[in-house]
Every structure is written in structure tokens, then in C-alpha cells.
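Worksheet for the structure shown next.
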Amino acid sequence: MARHVARSDPRAHWLLLLLGLVVLLAALSFNGLVTNVGGGSGPSDAYASPAPRQASDGGPVLRLDGPTPVTRRMPARTIALTFDDGPDPRWTPQVLDVLRRNHAHATFFVVGARVDEHPELVRRILAEGHELGSHTFTHADLAAVPRWRARFELAWTRSAVAGATGREVTLLRPPFSSTTDSLTGPQYQALRDAAGSGHVGVLTDRDTRDWQRPGVPAIVRAASPQSGAGAVVLMHDGGGDRSQTVAALDQLLPRLTREGYRFTTVSAGIGAPDSMVPAGAGARLSGTALRWAQGGAGWLAGAMNLLLGVALVLGVARLAVQVFCAQLHVRRVRRPRHRRPEVNAPVSVIVPAYNEAANIAATVRSLVASAYPALEVIVVDDGSSDGTAEIVERMRLRGVRVIRQANAGKPAALNTGIRAARADLLVLVDGDTVFQPDTVHQLVQGFADPTVGAISGNTKVANRRRLLGRWQHLEYVIGFNLDRRMYDVLECMPTIPGAIGAFRREVLLAVGGVPADTLAEDTDLTMQVLRAGWRVTYEEGAIAWTEAPSSLRQLWRQRYRWCYGTLQAMWKHRHALSEPGAGGGLGRRGLPYLTVFQVLLPLAAPAVDVFALYGLLFLPWSALLLAWAGLLLLQAFTAAYALRLDRERLGPLWTLPFQQLVYRQVMYLVVVQSVVTAVVGNRLRWQRMVRTGEAAALVGSGPTTR
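Going left to right, the sequence shown walks through residues 1 to 706 as the numbering used here numbers them.
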């Protein structure tokens, strides 16, 4: 209704938001990959086709970059100890200590993601004369993943090692591999593909299966060659509890050394040059960037976990405070200790109207039908072009006046009505609102307390037959009226809705009337009343039926104006933080509550939805469903409690799960748009909702229908 000069709404932030959410999902997904690293060995598919005999019957070191496989074995009494799945901050240092005490060298097939987590261990491995090989970046089964994924696994591992050590690995042990005779066709093909990027495959002669923790004697037996033969021995220094491996090494190394065995790296054992080559500047730089990216992704995941934890704690705390305050409010208003005197002073009802032809007749008729002894109705037509004023005039109802003015906006229309009103108690009503017969009487009874300057009524959605209407009905009952009970108890009511509110005339005159410098004039006015030292209360029995938006487009426009106007009002009244009395209650209780639950948490909601999508990809579905069901049950409990307090049916509760898929997103995107508009300094214009007359239908069908 108000006239505002406005630039077009900012839009570039939507692209930035989408880009940010994509980056967040990518970072979380990357973190999910690197933190779900498994372990163990053995064939990944026992039923797969076998590898060519030239490979399966040969030695454990396979070079497959030529037309035919070339394999090598360890010489007699030469053992190449190999350790998979590290580095591990607990077990790798213990393995290295045992090797150093026994003057033995080994080859460590490292997982790239763990290299980024513990680069100092990789550098120690090299410094003590050992050899490094690749075990992929995330312990992925190269025989099962797509080829593009396999290429990334190998390239990222090379980069990780290069960034940590300045050298590149060429040896490769595929995860879930074992001895050559168990090599499958898909594993063989994966090794051939890896050979194209310069990798030499290393399997094993003796698989200790220490990852199964079979006991120290069993590991020692499995690692011991027979009849002086050489061997590549497979063990693990990461991926789980490796205490048995460390203990087995302590026994194995001294015993086999006494029997004449030497322990060396794979490359030295077969007489090949050093398998590790100096890394170029590009490889080192990409490795460092990869480590930073992994660290950043882990930090983001931790921050998201913290955000979810904080949001959950705040949500539960909010519910506890709401329930506690609601119970206090119910006891106060439904079981008063002392009967207060009845208020029957004259009341002036002011109805600002701009193009309200769809509902104005029903609104005025419901007001005239009020069971209140002294009531006048003032309809201020704010330059309507649809005959709103004529409709009221043709009704010729006693006690109803029509005042016409040029279009100047809702605050101006309200102030016109305030100046024209004869009574000292004023009720401000939207032109699309229908009252019940006892609404006015219920609304003004709180003025028996001389400290009360304004009273909020109980707004209900009239058009709740469709899904969008039911969602708004639940929001009004839960988010608005349950909150208002809490605000009443805490004496920090930030908003009396424009649909129904009562004020003392002296209060409105003292604060300068209805302000026009924000788009949420009802919130702005309520905050001014509080800062003037008056109490603002909530009357649950004063019911007003209003027409809610019937389309997502109209809902967006309405809530965009509400949210932007609320931000304006919060900023305008920010100095209430340091004020005493009722103003201080608003500043130290009301404003922080609005900031947290109506601004900060909605702004974080898009990231929470991305985290939920990440959970679908990487978390166990059972745990995810359990968490979602728990939150839904908590929300359902809140809704059911609020509905019962308002004496409403519980039927609309079935729409709650669907509310999470559309309505919730619209609400938090409205906050995003409003905050961006406020930050860039745009001036939002008034966006009027198109009325359909559904609130008017309540007059004929009975306004108490629920």
C-alpha cells in the first residue's frame, strides 16, 4: 500500500549462492571420500574371470606396459616386507621403530588421503631408507570403479606424495589384491591401465591377512617363507588395530635374520633402480594444493557438524522455553487468581483499505456483528480503484464511517483513522480480516491493567483447504501464536499483527502514530510502544480470520516484505539493547531472539540442506532416516502442542513432512533475499497480495469453523 521508490531486486547473489552451495557440496563430498577409507586385502570379487596365466603364474612384481606381462620375484633369502593402508599416526611409527631396531627396510604402500593427513610420517619413512608405493587415494577398488575415477585415484596419490616429499611414486599395489594366483581379470586390466601412467604393479607371495587379527603366531607363520625362498610379504600399518602386526614383526625380524634372510625394499630386492623419482614443481604445487583442499574440506565438514549441533541445541532450547512460557501463559489467562474488572469502554475499529473489494464487506459485517456494547467502525479508503469505498457505503450500516483519501500508504491510512476516532481504545484491523462476535470484547479486556498499552490478537488462516494454506495455518499456530505466548511472558512482544491489534489512543499519540519509514509498520509500531515503557500482551481468545496467500508467488511477495520490514525495524530499534524497562526487554530478549531464529538460522539453512544431500551420499541411510524421523517427531510434537493450545484439530499434521520439501525452502530463501536487499541498500516497494475473497466466505459459513 505504501509508496516506495525502489530499484529492481538484486539477483546476482542467487548465482553466488548456487555456486557456493555447489562448492560446499563438492567439498563435503571430497571429505566424505577421504574419510571413508577402508582397509584389508583379498580378492574383491572371487567370482570374476581369472587373469592371464602369464601374470597369475609369474612373480609378484608386474610390469604391464608392454605387449606381454613381465614379472619378477625376490631372490632366495630376500624378503620385501610391504605395509598397506598407512600412514597411521599410531601404528606406522611403531612399525618404523621395529624396523629400525632390526636394521630392516621395507616398502610402504600409502593411501593418498592419509598422506595428506600425516605428511610428516611419509617424510620419516623416506628419511629412514624405506620405499613408498601407491595404494590409491581413498583405498578404492580399481577393478570396480570407473576408469576416470581410477585415474584420479592414482594421480591424486602421486600428487599427495609429491607435495609431502618432493618425489613421485611409481609402484602400485591395488587395494583388495593379494597373491598373484588370486589375481582376477578386472584387477589385471586395472593394472594394465595403471601401467599407462607409469605404474608398476606389486602383489604378494605371502599374505599374512593380519587385518583379520588372527593372532601373533598365525601372522608370523604366514609371513615366513619356506626352504629359504624369497618373498614379498603383505602386512598392514594402517586401517585398524595393528598391535598384532607390530608384535609379530618383533618376533619375525630377529628370527629370520638369524636364518640368513635380508629385509629390503621391493626395488632393491629385484635389483631395479629406485622406484621414486624427483617430482617437478607442478607436481609439488598440485600436491600442496590437494592437501590444502583436503584440510579445507575437513574443516568445512567439522564446521557443518558444529552448525548442526548448535542449531539442534538452539531448537531444543527454544522448544523448552516456548513450552514453559506457554504453560505459564495458559495458567495466567485461563485461571486468573483475581477476577479483573470488565472493560466495556467505547472502541473505535480502524480498517485501512486499498482495493479490498473481495473481502471488505465481510470484514465490516463481522465487525458490526460484534457482541460489544459501544463500537464504531472507521473504514479509511486509501485511494482504491476497485470500488472498495462504494461497497461499504452501499451497505448503510449503523456505526460505520467511510473516510476517503488519496493513496498514501497503509500507515497514513491508519493515522487518518486514529485522528478521526472518537474512542480512547482503538482496534486496528486489515481489510481482509474477519472477526468472530466476541473478538473485540476478548481483545480489549487486557486494558483492565493500566500498564498494558497494546494487545495482540490471535490470527488464523481462513483459506486452509489447500496444501499451501495448511502449511501457513501450521506456521501461524506454531511460529506466530506459540511465540507470542512466550513474548507475553518474557515481556518483549516485537509484533502486533496488522490483522488484529488493540492500542490505547494515548499510546499511539505518544509514539507519534503509526510509523511509515519501514515496510513492517506493525512491528515498528509495537517496538515503539515497548520502548515508550508500556506492556504489550497477547490475547489468545481474540480470534481474527485472515486470507493467506494462495500461491507461492504471492507468498514470496508477502514474506519478502515482512522479512525486509522486520530487518528495518530491528535496525531502527537496535538502541533498545541498552535501555531500561520494557525497551530493554525488547533489546535484550526480543531482538536477539529474532536475530537468531528469524535471520541467522534461516541464512544457514541452505547449507544444512546441502549437508543433508551429502548425508544421502555418504552416511548410512539407516542413521540418516533415524535422525530425520527424530527431528520430524520433535517438530510434530511442537505442532501438536501448539494446535492443542489453540483448540485446533490435529489433522493438518500430515502435511509436515511435505512442508520440509518446498515451504521451508521458500521461507529461508526469502530471508536470503531480504538480507541481501538490505545490505546492498535497496529500498523495497510495497507488494500487495491479490485477494480472492476466501476470508469473506467465513461470514456465511460461520467463522468458528476449524
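Virtual Cβ for every residue (Gly too), placed ideally from N, Cα, C.
Here the structure is a predicted model, which is why all the values come from computation and not from measurement.
Check for me: the beta strand (DSSP E) holding T459 runs from which residue to which? 452-461
Complete runs of the alpha helix (DSSP H) confined to the region 597-675 [at least 4 residues]: 601-618, 621-645, 656-659
Thinking D382 and A413 are a contact (beta carbons under 8 Å), I'd like their distance in whole angstroms, please. 4 Å
A353 classed as buried or exposed, judged by whether at least 16 other C-beta atoms fall within 10 angstroms: Burial call: buried.
State the CB to CB distance for the pair D97 and H135, rounded to an integer number of angstroms; the pair is presumed to be in contact (CB under 8 Å). Not confirmed; about 22 Å, so no contact.
Should T655 be flagged as near chain E, meaning a C-beta pair shorter than 8 Å? Of the protein chains in this structure there is only one, and it is not chain E.
Quick check on DSSP: helix, strand or coil for H236? strand
Where does F83 sit, in a helix, a strand or coil, going by DSSP? strand
When burial is assigned at 16 or more other CB atoms within 10 Å of the CB, is P494 buried or exposed? That one is buried.
Considering only the alpha carbon of each residue, which of A303, G457, A544, W299 lies closest to T537? G457
As assigned by DSSP and simplified to three states, the class of V514: coil
Does the Cβ of G66 have 16 or more other Cβ atoms within 10 Å, making it buried, or fewer, making it exposed? G66 counts as exposed, since fewer than 16 other beta carbons sit within 10 angstroms of its beta carbon.
Beta-carbon within less than 8 Å of T68's beta-carbon, same chain only, minus the 5 sequence neighbours each way: which residues are those? Q54
Under three-state DSSP, which class holds E540? strand
My output table needs one value for S29: the three-state DSSP class, helix, strand or coil. Helix.
Measure the Cβ-Cβ separation of Q322 and L555 and say whether it is below 8 Å. no
Can you give me the start and stop residues for the beta strand (DSSP E) that S348 sits inside? 347-353
Does DSSP classify T595 as helix, strand or coil? helix
Express the C-alpha separation of I455 and R11 in angstroms, rounding to a whole number. 39 Å
How would you call V169, buried or exposed, if buried means at least 16 neighbouring beta carbons within 10 angstroms? buried
Which residue comes first and which comes last in the alpha helix (DSSP H) that contains Q189? 185-195
Look up L15 in the DSSP assignment and say whether it is helix, strand or coil. helix
Among L631, L656, A640, A607, which one has its Cα closest to the Cα of A26? That would be A607, whose Cα lies nearest to the Cα of A26.
Rounded to whole angstroms, what's the CA-CA distance from W654 to N463? Just pull it up for me. 17 Å
Nearest-angstrom Cβ-Cβ length linking T204 and T78, presumed shorter than 8 Å: Between T78 and T204 the Cβ distance is about 14 Å, and since that is not below 8 Å, they are no contact.
Does A134 come out as helix, strand or coil in the three-state DSSP assignment? One point to set straight first is that residue 134 is Ser, not Ala, in the sequence displayed. S134 falls in the strand class under three-state DSSP.
Using only the alpha-carbon positions, how far apart do C708 and D449 sit? Given that the chain is displayed from residue 1 to residue 706, the structure contains no residue 708 and the question cannot be resolved.
Short Cβ contact (8 Å threshold) for H573 with M527: yes
Could you compute how far the alpha carbon of L172 sits from the alpha carbon of G112? 12 Å
Look at the Cβ atom of R504, then the Cβ atom of G453, and state whether they are nearer than 8 Å. yes
For the pair the region 265-281 and the region 234-242, tell me if three or more CB-CB distances fall below 8 Å. no
Would you kindly work out how many angstroms separate the C-alpha atoms of P703 and L467, rounded to a whole number? Low confidence applies here, because P703 scores a pLDDT of 36, under 50, leaving its location unreliable and the question unanswered by this model.
So within the region 375-431, which uninterrupted alpha helix (DSSP H) runs reach at least 4 residues, ignoring any that extend past its ends? Counting only runs of 4+ residues, the alpha helix (DSSP H) found wholly inside the region 375-431 occupies 388-395, 410-420, in chain order.
Please state the DSSP three-state secondary structure of P278. strand
Of the choices A389, L256, T138, whose alpha-carbon is the least far from that of A104? Its Cα nearest to that of A104, the residue L256 stands out among A389, L256, T138.
Rounded to the nearest angstrom, how far is the Cβ of D430 from that of G387, given a contact under 8 Å? Contact flag wrong, Cβ pair sits at about 18 Å.
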